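Take any residue in the sequence shown, count from 1 to its spot, add 9: that is its number in my numbering. Cβ coordinates follow ideal geometry from the N, Cα and C atoms, glycine included. Given the structure is predicted, the values throughout are model-derived calculations rather than measurements. Structure, as structure tokens:
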Amino acid sequence: FMEAQILRGHHAYSGGPDGEKPSLGLSPNLAKMGIELFRLKTGTPPRIKRDSIDFSKMTPQTGTDAKLAFSYDTDTFVPLEEQELCYLIYTQPETHRLINEHLSDSALFSGLVTGVGPRYCPSIEDKIVRFADKSRHQLFLEPESRETDSMYLQGFSTSMPEDIQEQMVHSLPGLEQAVILKYAYAIEYDALVPTQFLPSLELKKWPGLFGAGQIIGTSGYEEAAGLGLMAGINAVRKIKNLAPFILRRDKAYIGVMIDDLVTKGTLEPYRLLSSRAEYRLLLRHDNADLRLREMGYELGLINEERYGRFLKKNEDLRTIFQIINNTTIRNHKAINEYLVNLGSQALNGGINAAELLRRPEIDLRSLLQFVSIPPEIDLSDTLIEQLEVMIKYEGYIQKQDKQAQKIIKQESIMIPPTLDYAMLDGLAIEARQKLAKIQPLTIGQASRISGVNPSDIAMLVLYLKRNSINGSTSI
Ligand SMILES: Cc1cc2nc3c(=O)[nH]c(=O)nc-3n(C[C@H](O)[C@H](O)[C@H](O)COP(=O)(O)OP(=O)(O)OC[C@H]3O[C@@H](n4cnc5c(N)ncnc54)[C@H](O)[C@@H]3O)c2cc1C
Numbered sequence: 010f011m012e013a014q015i016l017r018g019h020h021a022y023s024g025g026p027d028g029e030k031p032s033l034g035l036s037p038n039l040a041k042m043g044i045e046l047f048r049l050k051t052g053t054p055p056r057i058k059r060d061s062i063d064f065s066k067m068t069p070q071t072g073t074d075a076k077l078a079f080s081y082d083t084d085t086f087v088p089l090e091e092q093e094l095c096y097l098i099y100t101q102p103e104t105h106r107l108i109n110e111h112l113s114d115s116a117l118f119s120g121l122v123t124g125v126g127p128r129y130c131p132s133i134e135d136k137i138v139r140f141a142d143k144s145r146h147q148l149f150l151e152p153e154s155r156e157t158d159s160m161y162l163q164g165f166s167t168s169m170p171e172d173i174q175e176q177m178v179h180s181l182p183g184l185e186q187a188v189i190l191k192y193a194y195a196i197e198y199d200a201l202v203p204t205q206f207l208p209s210l211e212l213k214k215w216p217g218l219f220g221a222g223q224i225i226g227t228s229g230y231e232e233a234a235g236l237g238l239m240a241g242i243n244a245v246r247k248i249k250n251l252a253p254f255i256l257r258r259d260k261a262y263i264g265v266m267i268d269d270l271v272t273k274g275t276l277e278p279y280r281l282l283s284s285r286a287e288y289r290l291l292l293r294h295d296n297a298d299l300r301l302r303e304m305g306y307e308l309g310l311i312n313e314e315r316y317g318r319f320l321k322k323n324e325d326l327r328t329i330f331q332i333i334n335n336t337t338i339r340n341h342k343a344i345n346e347y348l349v350n351l352g353s354q355a356l357n358g359g360i361n362a363a364e365l366l367r368r369p370e371i372d373l374r375s376l377l378q379f380v381s382i383p384p385e386i387d388l389s390d391t392l393i394e395q396l397e398v399m400i401k402y403e404g405y406i407q408k409q410d411k412q413a414q415k416i417i418k419q420e421s422i423m424i425p426p427t428l429d430y431a432m433l434d435g436l437a438i439e440a441r442q443k444l445a446k447i448q449p450l451t452i453g454q455a456s457r458i459s460g461v462n463p464s465d466i467a468m469l470v471l472y473l474k475r476n477s478i479n480g481s482t483s484i
């Protein structure tokens, strides 16, 4: 948190989040090196002491028994009944009255805050002003840890003074007697304008200097982890004289995030929402290993044992996929009873198993009783889910894949970083300026810069062809 300021009510003081010290002096020095900075803002809600809460006035929210994890290697999951509960409550008319009455006391509205906050995580006073027609807003109480008694009041981020926060919290159902462990606050900090970076996350102006995480304009744990991984990989590859490792937009959300940041930039703390991806049917959680594990192995990030498990799963997947597509299920009593029980139409003659699976009411696990599968295949839940998605949505996935392939062609036309856009006739002035600033590495990246139109791209492609400098190297 470079040059960070904590803002609450009418007070601003130099400090980092959670009582940490701010990083002072680094960003002014970066600015002296000619690096462009901008100011961002984020905030956090109050933390409430667990045993001061009356949970009987709240709606419990259970977790999930779905076996979801960040890693494909996770094989133990906390059973649903052992998972901690969250609780749902709503803001009350009194909460809204208090906030409206004290708006001028909020750092956000008093003019103290100058940085731009994330539009997707607004403070409670922001929500009440922006959505004045809404009579209530959802809030969640989430345990921060099993080891502490601190509950996070999700959705109640604010920069009101402490005494107003007390009143606001006490206006909520179940929190009438609540003890606040930590007050909410807004925090402002410096970040580097991300369009100054190459897709490898190396600064264009300062080769050898890589950036990642919050200081390049993002907000979020996963965003920071993804960028840190890529900057680390590329810094090592640079030292080893290897080409940068760049993930395409149709291969990974990390690719979407980096391309957005370095091509379009951001005016607010960037959060990686799934809606930012145009190939959402390709970027699924069930196929992340199929998309990326091979690359991870080549980079030396996946050991032989994990890679072996991936190869086995991949082989099983292909085997069953083929079996299902090549199996015809004949019309007989057992299958028709099964279908009718699921509210599905009985068979008249034979039907392909994949076609039958595409009926919305049919699930693969139960259908497999009518398909002969080799016993050595491990029919894990993840394998079943992946197959189900692949077969049920095959048509849609293929369509999106075709669209992606068209764009990939553009990604393979490389633009030399030294190209002098001032020399190119026929480019619109805005396009010329933006291209010179962003220095896109490919025609695909150039086409995503706002202000660069298809006619500019056509001119650029023509120029590269005429001058035979379109090295068709794919990334
Ligand atoms: C109040 C608040 C609430 C948030 N809540 C969430 C949330 O619920 N979910 C979410 O996804 N994200 C949340 N975020 C955002 C998230 O915390 C950050 O985006 C993320 O932690 C950024 O990671 P980073 O590694 O880039 O930076 P940091 O996590 O800030 O790490 C930088 C590290 O560098 C160290 N450092 C600084 N200067 C030096 C130096 N000179 N030498 C050595 N070390 C140094 C710092 O001590 C720090 O450990 C929140 C942020 C704030 C401020």
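CB-CB length for residue i against residue j, believed under 8 Å
{"i": "D114", "j": "I173", "result": "6 Å"}
{"i": "A455", "j": "I424", "result": "7 Å"}
{"i": "P203", "j": "T275", "result": "6 Å"}
{"i": "Y96", "j": "T68", "result": "7 Å"}
{"i": "V125", "j": "E277", "result": "5 Å"}
{"i": "R17", "j": "A116", "result": "6 Å"}
{"i": "I452", "j": "T272", "result": "In fact, because the Cβ distance is near 12 Å, the residues do not count as touching under 8 Å."}
{"i": "F10", "j": "S32", "result": "6 Å"}
{"i": "K401", "j": "L366", "result": "6 Å"}
{"i": "S159", "j": "L184", "result": "Actually they do not touch by this definition, with Cβ atoms about 14 Å apart."}
{"i": "L150", "j": "I98", "result": "7 Å"}
{"i": "L290", "j": "Q414", "result": "The Cβ separation is near 14 Å, so there is no contact."}
C-beta atoms of residue i and residue j nearer than 8 Å
{"i": "P216", "j": "I267", "result": "no"}
{"i": "L121", "j": "I57", "result": "no"}
{"i": "A240", "j": "G220", "result": "yes"}
{"i": "A195", "j": "S228", "result": "no"}
{"i": "D295", "j": "E394", "result": "yes"}
{"i": "A362", "j": "L376", "result": "yes"}
{"i": "S119", "j": "S166", "result": "no"}
{"i": "I438", "j": "V470", "result": "no"}
{"i": "L292", "j": "N323", "result": "no"}
{"i": "T337", "j": "V380", "result": "no"}
{"i": "N340", "j": "G358", "result": "yes"}
{"i": "E211", "j": "K247", "result": "yes"}
Alpha-carbon spacing of residue i relative to residue j, whole angstroms
{"i": "K443", "j": "Y472", "result": "17 Å"}
{"i": "D403", "j": "F330", "result": "One detail in the question is off: residue 403 reads as Glu in this sequence, not Asp. Roughly 11 Å separates the two Cα atoms."}
{"i": "P127", "j": "Y279", "result": "7 Å"}
{"i": "L94", "j": "D465", "result": "55 Å"}
{"i": "Y405", "j": "I371", "result": "18 Å"}
{"i": "S30", "j": "E134", "result": "It should be pointed out that residue 30 corresponds to Lys in this sequence rather than to Ser. Taking the straight line from one Cα to the other gives about 27 Å."}
{"i": "E314", "j": "T53", "result": "41 Å"}
{"i": "L388", "j": "G264", "result": "31 Å"}
{"i": "N2", "j": "Q419", "result": "Past the boundaries of the shown model lies residue 2; the chain is included only from 10 to 484, so the question cannot be answered."}
{"i": "E287", "j": "K260", "result": "11 Å"}
{"i": "L449", "j": "L148", "result": "For clarity, residue 449 is Pro in the given sequence; the question names Leu instead. Straight-line Cα distance between these residues: approximately 43 Å."}
{"i": "G43", "j": "L35", "result": "13 Å"}
{"i": "D390", "j": "Y262", "result": "24 Å"}
{"i": "I62", "j": "E45", "result": "46 Å"}
{"i": "A21", "j": "A13", "result": "10 Å"}
{"i": "P426", "j": "I386", "result": "49 Å"}
{"i": "L218", "j": "M399", "result": "41 Å"}
{"i": "S283", "j": "A343", "result": "42 Å"}
{"i": "K7", "j": "L428", "result": "Outside the displayed range of the chain (10 to 484) lies residue 7, so it cannot be described from this structure."}
Other residues of its chain near residue i: CB distance less than 7 Å, five sequence neighbours each side excluded
{"i": "D27", "result": "none"}
{"i": "Q412", "result": "none"}
{"i": "E103", "result": "S180"}
{"i": "Y192", "result": "R17, P55, E171 and Q174"}
{"i": "I242", "result": "F254 and L308"}
Contacts around residue i, its chain only, beta-carbon distance under 6 Å, and the 5 residues preceding and following it disregarded
{"i": "Y430", "result": "R441, L444 and A445"}
{"i": "Q92", "result": "G72"}
{"i": "M468", "result": "G435 and L436"}
{"i": "T100", "result": "R145 and H146"}
{"i": "F86", "result": "K76"}
{"i": "T482", "result": "Note that T482 has pLDDT 34, beneath the 50 cutoff, so the model's placement of it is unreliable and the number below is only indicative. Only M423 meet the Cβ criterion."}
{"i": "H105", "result": "I137"}
{"i": "L351", "result": "E370"}
Residue-level contact to chain C via CB, residue i, 8 Å cutoff
{"i": "D387", "result": "No chain C is part of this structure, which consists of one protein chain only."}
Same chain, Cβ closer than 8 Å to residue i, five either side skipped, listed in chain order
{"i": "L396", "result": "L326, I329, F330, I333 and L373"}
{"i": "G222", "result": "E232, A233, L236 and G237"}
{"i": "V178", "result": "P55, I57, L162, F165, L184, A187 and I189"}
{"i": "R155", "result": "E93"}
{"i": "I311", "result": "R302, G305 and F319"}
The stretch 36–53 / the stretch 190–204 touching (three or more Cβ pairs under 8 Å)
yes
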